[in-house]
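Notes follow once the structure below has been shown.
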């Protein structure tokens, strides 16, 4: 990773620091499999999208919910939808507990890997976090020991701006007090992180894991001042 000219770093949270770049639908789907809830991928995706929209419309996630409580609520909504659509006993307490626990444990392992990177980078660069989240990201960061790395946390549910609107990254740029051209943005989503940040003039590092939708191959000249990485630890390779 070339840090020439970089004076500050903005990180995405979900999918970047807590899942090795994999879209969270993939992590949750693996949780279903581990719990023995085996359903068609298309049906699973419908349940996932329904839950995302339900949580956006209904304030069932509260600011002090850590990630385990968040996942318990989210999985409950998903499994209840599946049960309503013919998957018998999907929303059992056992299934909810197993899947939420799997997701929490998976995130905790990934965050530990990310902390080893944040420990190093925070010595040399001021950092901010920009995330589409449910209003409880500070509780999640605190529970996982991440809050100390990010004096500035910009959360969509709090500021009223959501990715892919570049303005949410612009808020991070302003908070760091640096020109956009001096800032590196690290994220897992091409559409929601990399392209919006690039439009502001930021350098970007795309942590490319399993995506929600596989994009056509990106031409070399599409991404400007950008690097594609396969692991968060690649940020320490100089």
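Residue numbers (this note's numbering): 3 to 240.
Each residue gets a CB set at the ideal place from its N, CA and C atoms; glycine is no exception.
inquiry  = The beta strand (DSSP E) that contains residue 207, what's its start and end?
reply    = Per DSSP, residue 207 belongs to the beta strand (DSSP E) from 205-209.
request  = May I ask you to report which of helix, strand or coil DSSP gives residue 156?
outcome  = strand
task = Within the same chain, show all residues whose beta-carbon is closer than 7 Å to that of residue 145, passing over the 5 residues directly before and after it, in chain order.
result = 68, 69
key: Span of the alpha helix (DSSP H) around residue 250   = An answer regarding residue 250 cannot be provided, because it is not within the stretch 3 to 240 covered by the chain.
ask   = Can you tell me whether residue 174 is buried or exposed, with buried defined as 16 or more other CB within 10 angstroms of its CB?
value = buried
message = Going by DSSP in three states, residue 16 sits in which element: helix, strand or coil?
response = coil
ask   = Among 31, 74, 62, 187, which one has its Cα closest to the Cα of residue 130?
value = Nearest option by C-alpha distance: 187.
message = Helix, strand or coil for residue 228? Go by DSSP, reduced to three states.
response = strand
message = Given this structure, state the Cα-to-Cα distance separating residue 229 from residue 93, to the nearest angstrom.
response = Those two C-alpha atoms are separated by around 42 Å.
task = State yes or no: is the C-beta of residue 141 within less than 8 Å of the C-beta of residue 171?
result = no
ask   = Can you round the beta-carbon distance between residue 41 and residue 77 to whole angstroms, since I take them to be within the 8 Å contact cut?
value = Contact flag wrong, Cβ pair sits at about 13 Å.
query = Are residue 123 and residue 11 touching if we call contact CB-CB under 8 Å?
reply = yes
ask   = In terms of DSSP beta bridges, what is residue 130 paired with?
value = 12, 154
message = Strictly by DSSP, which residues pair up with residue 161?
response = Per DSSP, none; premise fails for residue 161.
query = Are the CB atoms of residue 3 and residue 237 nearer to each other than 8 Å?
reply = In contact: residue 3 and residue 237 (Cβ atoms closer than 8 Å).
task = Output the boundary residues of the alpha helix (DSSP H) element that contains residue 122.
result = 95-123
query = Quick one: what's residue 189 bridged to in DSSP?
reply = DSSP output for residue 189 lists 208 as bridge partner(s).
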